Amino acid sequence: MFFLFFLILSPLSESKLKIEITQGSETLPKIAIVPFRNEILSGSKSISSLIEANMTLFGEFNSLKKNEMLSYPHSEENFYYRDWKLLEVDFVVIGNVDNSNLNNLDINYLVFDVGLRKIILKGDISGNPNELEQISKIISNRAYQSITGLDGVFNTKLAYILNPSKNSYKIYISDIDGSDEQLLFNSSSPLMSPSWSADRKKLAYVSFEKGYPEIYIQDLFTGNRSSIDTLGMSNSAPVWSPNSKYIAFVMSMSGNPDIYLYNLRNKKISRLTRHYGIDTEPAWSPNSKKLLFTSNRSGSPQIYELIISSGRIKRITLDGDYNARARYFPNGKDIVLVHGNNGIFHIATKNLKSRFINSISKTSLDESPTISPNGNIIIYATKKKTQGFLAGLTINGKSKFTLPVQEGSVREPAWSPLVN
Amino acid sequence: MTNFSIGFISSLVIHILLFLFLTLDFSLKNTKENFSSIPIKFISLSKEIKEIVAMPQKKSIKKLESNAQSLIEVIKTKDEPILDIFAQENLKTELNNFNLAKENMEVQLRINLIQKRINSVWKKPSMINQDIQVEITINLAPSGEILSFALLNSSKNKVFDDSALAAISNISFLPEVINLDRSYFEKNFRSFNLVFKSIGN
């Protein structure tokens with residue numbers, strides 16, 4: 001009897017076949033931005049073209065050309081999933097512009113997931129027609145977020161140093177797509193290390209205008225600038241803490257660089273590292289509790305992590321003869337760094353807990369990586385012959401891009417935080 | 421009188437015929453000597469063999485019989501049934517192993533093909549070192565048609581879940597199982613699970 005029971009039960013207890021899928025397709029998701037009803041032109045560009053330009057900016061999506069679309073639906077009722085599936089589109093954005101009030105457009109839009117045959121976003125935004133580009137960026141952010149689950153970064157900014165000729169240095173701020181460039185500071189002495197405040201209202205950077213490196217904080221709206229008072233000692237590599245309370249920086253007391261903290265409220269300076277080796281290039285963890293820094297205390301530049309409350313220091317990189325200029329990813333668990341071996345420098349990522357360093361850039365003189373606030377894109381400076389320019393890639397390695405080349409060498413990009 | 425003469429003549433004829441037959445026979449023997457000698461030799465030879473073989477046989481059979489009897493008794497009581505089971509089991513497991521190996525090979529081939537197909541359509545969301553996975557259960561027809569699929573264990577990341585579900589709804593067919601032995605199909609692919617992982621090569 002028991003045996004019979006066992007026989008009946010045994011096929012049920014047998015575990016089901018499990019097939020693991022880990023790779024995914026090499027092809028990018030395909031999006032279609034359908035021309036909006038009554039869409040209004042901004043210059044020569046329509047809302048849908050602006051959104052399309054944003055969504056494809058970092059090479060994260062392929063897009064379907066407007067003349068390849070079978071129809072231009074404007075509402076859920078005349079949207080047919082099979083038409084888009086036929087065109088192998090994964091996501092479709094459609095919309096309507098209510099232009100009854102020409103000073104305040106009302107735009108509603110929908111994002112469809114063709115694979116799942118469902119609407120994943122319904123949005124509504126209104127604004128002045130003069131600000132169509134900004135409105136398009138917000139729609140792009142929302143659509144991007146609904147598709148990828150990551151924050152859209154289309155209205156973020158980039159700060160960088162331009163070195164157009166031998167004795168000319170400039171700090172610029174532009175939109176992340178390179179448009180709307182604004183000169184922030186111009187000097188005949190070197191400028192370095194731009195760093196954004198968390199509220200995006202200020203920028204800290206290093207200027208050699210007095211003959212030695214000194215940190216300046218510049219208000220982006222008033223243009224006021226002031227240096228950190230360090231009693232004439234050279235100081236550099238400022239980084240603004242995400243909680244806006246501190247600037248971590250490097251100061252050389254008696255010629256040896258160590259990491260210090262500048263309290264923005266009471267303007268007091270406290271020392272964080274105390275080592276005869278060089279400690280430099282601090283970077284804040286997203287929770288403002290830890291710092292990464294580069295130190296040659298082991299003989300070669302390596303990355304270390306410092307817990308500010310306890311002062312405990314832990315070595316992070318073990319492999320390679322050069323690991324420097326680290327930055328945390330927004331998850332606080334991974335870092336991006338410059339990984340060098342035998343004179344070749346790549347941008348690499350590393351999980352704090354694993355030993356493995358993963359090189360992600362293919363060019364060879366790469367430096368100063370900056371991570372998008374959503375953690376998906378890295379922009380870094382690289383060189384072709386003597387010309388420095390900015391390049392970027394998505395962390396899954398599927399997309400690589402270069403930013404438009406400027407007159408002169410571009411260095412040290414700094415991606416702004418998101419605006420709330 | 422006539423009866424006597426008939427009898428005499430007929431007996432004479434028979435005698436003449438007998439004489440003739442005998443002389444003929446004699447001449448036959450002479451002419452075909454080799455032919456007739458062969459069966460004689462053959463018969464004698466066969467008799468000799470029979471005797472030689474038969475003589476010891478009669479004795480050894482009895483011995484063998486008695487030996488066999490004791491052997492059979494031993495086998496019946498101890499070795500024979502165990503040996504039998506062992507042999508059967510060995511054969512069974514060997515056959516099973518062979519069938520399993522065959523099934524494994526056939527099934528593994530399909531698994532590889534299915535992995536390849538789903539990898540080719542899955543637009544995996546980009547995420548750094550976020551170790552998550554979503555498990556989806558699939559019901560398949562022997563024709564390869566996906567009859568139904570459902571989320572079994574969510575990754576708790578909606579975009580990740582959706583990307584996996586979209587990949588499956590985009591294929592609707594897994595022709596890889598079409599030529600598979602029906603019993604293998606029922607056992608492995610009638611209902612199976614797909615595990616989409618964020619980390620892996």
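One line per chain: the protein sequences are L and V, in this order. In terms of the working numbering, the first sequence opens at residue 1 and continues consecutively. In terms of the working numbering, the second sequence opens at residue 421 and continues consecutively. Built from N, CA and C at the ideal position, the CB exists for glycine as well. Remember, predicted model here, so these are calculated numbers, not experimental data.
- prompt: Quick one: what does DSSP say residue 80 (chain L) is sitting in, helix, strand or coil?
  reply: coil
message: Quick check: is the beta carbon of residue 379 (chain L) nearer than 7 Å to any beta carbon in chain V?
response: no
- prompt: Looking at the structure shown, is residue 187 (chain L) part of a helix, part of a strand, or coil, going by DSSP?
  reply: strand
field: Under the three-state DSSP convention, the category residue 63 (chain L) falls into
entry: strand
- prompt: Leaving out five residues before and five after residue 363 (chain L) in sequence, what residues of the same chain have Cβ atoms less than 7 Å from its Cβ?
  reply: 382, 391
message: Quick check: residue 230 (chain L) and residue 251 (chain L), are their CB atoms within less than 7 Å of each other?
response: yes
Within chain V, the residues that residue 29 (chain L) reaches when beta carbons sit closer than 8 Å: 543
query: Where does residue 376 (chain L) fall in DSSP's three states?
result: coil
- prompt: Taking Cβ positions, are residue 200 (chain L) and residue 416 (chain L) nearer each other than 7 Å?
  reply: yes
C-beta contact flag for residue 72 (chain L) and residue 34 (chain L) at 7 Å: yes
message: Our contact map puts residue 409 (chain L) next to residue 163 (chain L) with C-beta atoms below 8 Å; I'd like the distance itself, whole angstroms only.
response: 5 Å
query: Using DSSP with H/G/I as helix, E/B as strand and the rest coil, what is residue 595 (chain V)?
result: helix
task: Would you verify that the beta carbon of residue 572 (chain V) is, or is not, closer than 7 Å to some beta carbon of chain L?
output: no
Assumed close pair residue 529 (chain V), residue 560 (chain V) - CB separation to whole angstroms, cut-off 8 Å: Not confirmed; about 16 Å, so no contact.
task: Have a look at residue 602 (chain V) and residue 30 (chain L) and give me their C-alpha separation to the nearest angstrom.
output: 38 Å
query: Using a Cβ-Cβ distance under 7 Å, would residue 576 (chain V) count as near chain L?
result: no
task: Please determine, among V:588, V:608, V:425, the residue with the shortest C-alpha to C-alpha distance to residue 569 (chain V).
output: V:588
task: Starting from the beta carbon of residue 622 (chain V), find every residue of chain L whose beta carbon is closer than 7 Å, and list them in chain order.
output: One cannot answer for residue 622 (chain V) here, as it falls past the ends of chain V, which runs 421 to 621.
task: Since I believe residue 220 (chain L) is in contact with residue 245 (chain L) (beta carbons under 8 Å), could you give me their beta-carbon distance rounded to a whole number of angstroms?
output: No, residue 245 (chain L) and residue 220 (chain L) are not in contact; Cβ-Cβ is about 19 Å, not under 8 Å.
Cross-strand partners of residue 139 (chain L) (DSSP beta bridge): None; residue 139 (chain L) has no bridge partner.
field: For residue 253 (chain L), the first and last residue of its enclosing alpha helix (DSSP H)
entry: Segment 246-253 is the beta strand (DSSP E) holding residue 253 (chain L); no alpha helix (DSSP H) there.
message: Helix, strand or coil for residue 129 (chain L)? Go by DSSP, reduced to three states.
response: helix
query: Under a CB-based cut-off of 7 Å, is residue 582 (chain V) close to chain L?
result: yes
message: Taking 7 Å as the threshold (C-beta atoms), are residue 330 (chain L) and residue 375 (chain L) in contact?
response: yes
query: Which residues in chain L sit within 8 Å of residue 597 (chain V), going by Cβ to Cβ distance?
result: Under the 8 Å cutoff, chain L gives no residues; its nearest Cβ is about 11 Å from residue 597 (chain V).
message: List, in chain order, every chain L residue whose beta-carbon is nearer than 8 Å to that of residue 366 (chain V).
response: There is simply no residue 366 (chain V) to check, as chain V begins at 421 and stops at 621 in what is shown.
- prompt: Rounded to the nearest angstrom, how far is the Cβ of residue 558 (chain V) from that of residue 618 (chain V), given a contact under 8 Å?
  reply: Actually they are not in contact, since the Cβ atoms of residue 558 (chain V) and residue 618 (chain V) sit about 20 Å apart, beyond 8 Å.
field: CB contact below 7 Å: residue 589 (chain V) versus chain L
entry: yes
field: Where residue 507 (chain V) falls, given that 16 or more other Cβ within 10 Å makes a residue buried
entry: exposed
query: Mind listing which residues of the segment 307-335 of chain L have their C-beta closer than 8 Å to chain V's C-betas, in chain order?
result: 329, 331, 333, 334
task: Starting from residue 53 (chain L), follow the alpha helix (DSSP H) in both directions and report where the run begins and ends.
output: 47-55
task: Below 6 Å CB to CB, which residues in the same chain sit around residue 319 (chain L) once its five sequence neighbours on both sides are set aside?
output: 357
- prompt: Taking the C-alpha atoms as reference points, what is the distance between residue 68 (chain L) and residue 145 (chain L)?
  reply: 25 Å
query: Got a sec, what are the start and stop residues for the beta strand (DSSP E) residue 264 (chain L) sits in?
result: Unbroken run through residue 264 (chain L): none, as it is neither H nor E.
- prompt: Is residue 118 (chain L) near the ligand MN, with its Cβ less than 6 Å from a heavy atom?
  reply: Questions concerning the ligand MN fall outside what the structure shown contains, since it holds no ligand whatsoever.
message: Ignoring anything shorter than 3 residues, give me the beta strand (DSSP E) runs that lie fully in the segment 290-362 of chain L, in order along the chain.
response: 290-295, 302-307, 313-315, 322-328, 334-341, 344-351, 357-359
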